[in-house]
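First up is the structure itself, then whatever we jot down about it.
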C-alpha cells in the first residue's frame, strides 16, 4: 500500500524535452528500448563497483541482469534491473530535473524543424525520457541497494506537466520501468520484435538481457512422447563485454551501437580505434571520435573523459585523467589490469600508471586523426569543422605532442578563395617560395578582414601565401605555436617583414627614409603619443598607411581578447607605417597648412586602426574628422 504520495511539477526543461521528443524522434521510436536497457546496465555496473567495498549490497542476489516482460492484457512493457536502485530523493532528482550543464543553450538551438531537432536531442541524450516516445503513462518502482523493503518508491507520470511520488513496499532491489503503451505502439508487446531490437542495439551489453520463453507442451514425435518443458528466463543478448572480444569478431555495426550505448548519442561515430596491450602494462582501450560536437563542448563545467574499468569491473564515468582537455571530445573506455579496484579520482590524479595510460591514449587518438587526415580528407574535414577549435588548444596544453597536433591543424589561406579551413601546415610548406624559411599568418576579427588586410599587399604581390585566421582562439594558439618543421611563424601585423630583401632593396629603403625624414617627423609631431613611431612601410603597395605592433609587444588581437576576458592589459602604442608610393601620402608631403596636415594625419591613422582592429575607440571623432575634411575640399 502506498503512502506519502506527493505531486511535483517537472522542471521547465523536462517539459520542453518531453514535448519535443514525441514529435522529433517518432521516426526512430525503437531507440527508447536501447536507452532504457542501457540505463539498466549502468545501474548494474554501479552496484558491482560499490559491492567491491561492501559485498552485503548484493543481499544474496549477485547475478546482475536486465529483464523484459510484457503483459498483453494490460498493454504494458516492463524493463527491470537488480542494479543499484534509487532512493525517494534520487527518483525526484533524476526523473524530474535535467542537471546537465548548458541546458539553456541546448534549448536555444532548437529550431522547430523535426529532422534537425532530432539530431540535437540525440546529442543531448534523452535517456529515461525516451520512454514517452511510445508510452502515454510511465510507472517507475525502485529501491536502492541496502534500503529496507518499505523504503521503495513509485513514480508515475503521463509526461505532461507533473509527476507523483509515493512510498511503497518493494521486495526486490533495483528498478522496474513499466511502460503503458499507446494503442498504436502495441508492436512492442511482441517478443520477436523486442528480441530483434535487443539484438540490434544491446547485444554488446556485458550483463544478460533476459526475456521469458514459454515452455513446450507435451507432444508426440516419431512415435515417442516428448515431455513438456517449463518456461524460463533466457538471455537474448551475447552478454559479453564487447571490448574484450577480438577485433575480427566485431562487426562495424556492433562497434557503432556500442558507441551509442556509452555515449548516449544517436549518430554513428566518425571513427574509432580498438587496442589490447599486453606486456609491461596490460589494458584494453576503445576510443571513438563522434560525428558531431556536443552543444556544451566549450562549457568548462562539462564532464568529459573515458569510462574506466579495472579488470572488467566498471569504476567510473567521465574519468578525465586519461585524456587531455584538448581531446575532450573523445568518447570510449579504458579497461586496465594495473590499477587497483578501489581506485578513486584523487588516486588517479597522481598515479604513475595513470600518467603512462594518458600518454598512450593521447598518442592513439592523434595517430587515428593523422591516419584519417591522410587516408580520407573529406572525413577529416568533417572532423575539423566540428572539433578544430578544440584541437587548437593542444599546442598550449601539450608541449610534448605540439608538432603532432600542429600537423593536424587546418587554416584558411590566400591560396584559396574560400573561408573554409582546409590548408595544413604541410601543404603550406610544400607551396612555399624557394628560399622561404618563414610561415606567414594574420589574425583578424573575420575572414574578410584578414583576407583584405593592407598588411598582405606586398606578400600578395610577391606570391607568398599567408594563413588567414579569424577564430577567437587563434591568437592564443599562435602565442604557443612558434614554429613548425623548423620554420618560424611570423605575424604580418607585427615587427618588420623579412621577405628575403636584397641588399639593394634595403639600401633603397634607407635612402627613402632619409629623403622623407621631414614628412615622418611631421606625422610624429601631429600624432604625438598616439603612436610609438612613424616609418616608411615595406609591406604596403596599394594602401596609404597601416599600423603594426612591435615584435615584442602584445598584438592588437591579444589585447582585444584580454579585455574581453576582463584582464588588465598594458598600453600598446602602434607603429604607424606610410606608403610613399600612394598619391595621398605624396600629396600630403606638399601640404603647408599644419592644421590641415594634422587632420589628414589623424584620418590616416584612424583608417589604419579601423582596418587592423575592426573598430575605433571614438568613432564619432573619426566621423567629425572626415566631415571636416570633406567640407574643406568642397570649398
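In the numbering used here, the protein residues as written are 19 to 653. Glycine included, every Cβ here is placed at the ideal spot set by N, Cα and C. Note that the coordinates shown come from a computational prediction; the quantities given were computed from them, not determined experimentally.
Where residue i sits in the DSSP three-state scheme
i           : result
residue 440 : coil
residue 181 : strand
residue 211 : helix
residue 396 : helix
residue 33  : helix
residue 87  : strand
residue 25  : strand
residue 257 : coil
residue 61  : helix
residue 534 : coil
residue 478 : helix
residue 20  : At residue 20, the pLDDT of 49 sits below 50, so the modelled position is not reliable; the number obtained from the coordinates is stated separately. DSSP places residue 20 in coil when its eight states are reduced to three.
residue 198 : strand
residue 322 : coil
residue 636 : coil
residue 383 : helix
residue 359 : coil
residue 626 : helix
residue 293 : strand
residue 547 : helix
residue 496 : helix
residue 590 : coil
residue 228 : strand
Test item: CB-CB of residue i and residue j under 7 Å
i           : j           : result
residue 576 : residue 501 : no
residue 597 : residue 555 : yes
residue 256 : residue 292 : no
residue 476 : residue 557 : yes
residue 339 : residue 357 : no
residue 643 : residue 628 : no
residue 179 : residue 104 : no
residue 198 : residue 272 : no
residue 463 : residue 584 : no
residue 423 : residue 412 : yes
residue 253 : residue 228 : yes
residue 75  : residue 164 : yes
residue 226 : residue 64  : no
residue 325 : residue 280 : yes
residue 182 : residue 25  : yes
residue 206 : residue 95  : yes
residue 355 : residue 329 : yes
residue 537 : residue 489 : no
Residue closest to residue i, alpha-carbon to alpha-carbon, out of the options
i           : options            : result
residue 414 : 495, 473, 338      : 495
residue 430 : 408, 456, 399, 411 : 399
residue 352 : 419, 304, 613      : 304
residue 23  : 377, 359, 185, 405 : 185
residue 29  : 68, 177, 172, 433  : 177
residue 224 : 248, 276, 190      : 276
residue 309 : 36, 347, 37        : 347
residue 284 : 566, 624, 603, 53  : 53
residue 630 : 433, 443, 573, 378 : 573
residue 612 : 83, 544, 571       : 544
residue 636 : 607, 150, 578, 624 : 624
residue 114 : 531, 376, 31       : 31
Anticipated Cβ contact below 8 Å, residue i with residue j, distance rounded
i           : j           : result
residue 337 : residue 350 : Not a contact, Cβ separation roughly 11 Å.
residue 397 : residue 288 : 6 Å
residue 553 : residue 595 : 6 Å
residue 465 : residue 484 : Their Cβ separation, rounded to whole angstroms, is 12 Å, which puts residue 465 and residue 484 out of contact at 8 Å.
residue 152 : residue 85  : In fact, because the Cβ distance is near 18 Å, the residues do not count as touching under 8 Å.
residue 564 : residue 473 : 6 Å
residue 160 : residue 193 : 4 Å
residue 359 : residue 331 : 6 Å
residue 567 : residue 592 : 6 Å
Cβ-based burial, residue i [other Cβ within 10 Å; buried from 16]
i           : result
residue 196 : buried
residue 230 : exposed
residue 261 : buried
residue 417 : exposed
residue 109 : buried
residue 482 : buried
residue 455 : exposed
residue 570 : exposed
residue 245 : exposed
residue 247 : exposed
residue 645 : exposed
residue 58  : buried
residue 342 : buried
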